[in-house]
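*Asks:* The structure that follows is given in the form of structure tokens.
2 protein chains.
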Amino acid sequence: MNIGDVAERSGLPAKTIRYYEEIGLIAPRRAANGYRSFAEADVHKLAFLGRARALGFGIDDCRSLLQLYGDDGRTSAEVKHIAEDHLERIDAKIAELTEMRATLARLVHACAGDHRPDCPILADLARAEGRG
Amino acid sequence: MNIGDVAERSGLPAKTIRYYEEIGLIAPRRAANGYRSFAEADVHKLAFLGRARALGFGIDDCRSLLQLYGDDGRTSAEVKHIAEDHLERIDAKIAELTEMRATLARLVHACAGDHRPDCPILADLARAEGRG
DNA sequence: CATTGACCTTCCAGCCGGTGGAACCCCTAT
DNA sequence: ATAGGGGTTCCACCGGCTGGAAGGTCAATG
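Following this line, the structure appears as structure tokens:
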């Protein structure tokens, strides 16, 4: 299977697949003409990676997850540990964004949005002492 | 004022301040010895930038906000527009993360996290057809 | 058999918003 | 004179790709 077919089947762009090979996440064979020659297992791995990435796992986590996936001696505790750490990072990010959102929404709400120059948003940015 | 003092007063690392000069957000004078020589207005601008960045505005937005801030002929509508766009992007990001979080939390919950290899997390990544 | 066009290859550059480090200059205190 | 704590420039790197140039390969045409 050539990279185009694999891209279609895995849902990942060809560029990304080449990149994943470059950083050692997959290692497809090569045909005599130099083209990458993908096996079903590669497609499977790539789909796995696509789903892990879609859940927000970083490349390093993906590497670990893939390794655990292929390791019969793994424990589910190892996998869970990675996922829990990631969950914490997501929660932290959500909390951060939620705080931003609250401040921003308050400012947007306070701003008339008309032709006049007076603007609570700029006022807040220019001098944020007193409130968060 | 030298960059170190400005860093302390604005809360931004000296590296970042140099970077902001490089990309044209600020333009401090230079002393005879080549050192950057910051005025109060520069410190003010940097603090403004720091707060805008803390609200998640991108550098381009910061540039626009700074420009509007210094423009007496601005309208609050222009400022509000930038903020509303940004608010939408934040909401989209929160929604994305919240969805990730939901899936991930479900998987983590379903995983025993013990010494055995069976793991719903890996199972889901390996074959995610049927559920989101 | 030559050409077209879709595919594949490699390599280099860029995105965002900095951050780290090397190599060097400047200023003050001892 | 020297030590140290500033400052300066420049270049490389982070994540995770993405775009594009330059060129090789292949199947189907005229």
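Residue numbers (my numbering), protein chains in the order written: chain A, 40 to 171; chain B, 40 to 171. Glycine included, every Cβ here is placed at the ideal spot set by N, Cα and C.
1) Taking the alpha-carbon positions, what's the R155 of chain B to R92 of chain B distance?
2) Please classify P52 of chain B as buried or exposed, where buried requires at least 16 neighbouring CB atoms within 10 angstroms.
3) Nearest CA to the CA of V147 of chain B: which residue from A:K84, A:H125 and A:D100?
4) Note down the Cα distance separating A86 of chain B from M139 of chain A, rounded to an integer number of angstroms.
5) When you check each C-beta in the stretch 136 to 162 of chain A against every C-beta of chain B, which residues fall closer than 9 Å?
6) Can you tell which of B:I62, B:S49, B:E61 and B:A78 has its C-alpha closest to the C-alpha of R68 of chain B?
7) Which residues in the same chain as I42 of chain A place their Cβ atom closer than 8 Å to its Cβ, once the five residues preceding and following it in sequence are excluded?
8) Tell me, please, whether the stretch 151 to 165 of chain B touches the stretch 111 to 129 of chain A by the rule of three or more beta-carbon pairs shorter than 8 Å.
9) If contact means a Cβ-Cβ distance below 8 Å, which residues of the stretch 111 to 127 of chain B contact chain A?
10) My parser needs the alpha helix (DSSP H) runs of 4 or more residues fully inside the stretch 72 to 109 of chain A; what are they?
11) Can you find a C-beta in chain B that's less than 8 Å from the C-beta of F87 of chain A?
12) Looking at chain B, is there any beta carbon in it that lies within less than 8 Å of the beta carbon of A53 of chain A?
13) Specify the secondary structure class of R68 of chain A as computed by DSSP and reduced to three states.
14) Which chain A residues are close to G73 of chain B, counting only those with a beta carbon under 8 Å from its beta carbon?
15) So L104 of chain A contacts chain B; which residues on that side make the cut at Cβ distance below 9 Å?
16) Looking at the structure shown, is M139 of chain A part of a helix, part of a strand, or coil, going by DSSP?
17) Under a CB-based cut-off of 8 Å, is D99 of chain A close to chain B?
18) Starting from G43 of chain A and walking both ways along the alpha helix (DSSP H), at which residues does that stretch end?
19) At least one CB of chain A closer than 8 Å to the CB of G171 of chain B: is that the case?
20) Since I believe I129 of chain A is in contact with L136 of chain B (beta carbons under 8 Å), could you give me their beta-carbon distance rounded to a whole number of angstroms?
21) Between which residues of its own chain and A149 of chain A is the CB-CB distance below 7 Å, once the five residues before and five after are set aside?
22) When you compare only the Cα positions, how much space is there between L105 of chain B and S49 of chain B?
23) Which residue comes first and which comes last in the alpha helix (DSSP H) that contains T55 of chain B?
*Replies:* Result, derived from the coordinates:
1) Taking the straight line from one Cα to the other gives about 46 Å.
2) exposed
3) A:H125
4) 17 Å
5) L136, T137, M139, R140, T142, L143, A144, L146, V147, C150, A151, G152, D153, H154, R155, P156, D157, C158, P159, I160 and L161
6) Of the listed residues, the one whose Cα sits closest to R68 of chain B is B:A78.
7) A53, I56, R57, Y74, R75 and F77
8) yes
9) D111, G112, R113, T114, S115, A116, V118, K119, H120, A122, E123, H125 and L126
10) 79 to 93 and 98 to 108
11) yes
12) Not a single CB atom of chain B sits nearer than 8 Å to the CB of A53 of chain A.
13) strand
14) Going along chain A, no residue has its Cβ under 8 Å from G73 of chain B, so there is no contact; the nearest lies around 30 Å.
15) I160, L161 and L164, listed in chain order.
16) helix
17) no
18) I42 to S49
19) With a pLDDT of only 39 at G171 of chain B, under 50, the local geometry of the prediction cannot be trusted, and no value is derived from it.
20) 6 Å
21) Answer for A149 of chain A: P159, listed in chain order.
22) 15 Å
23) A53 to E61
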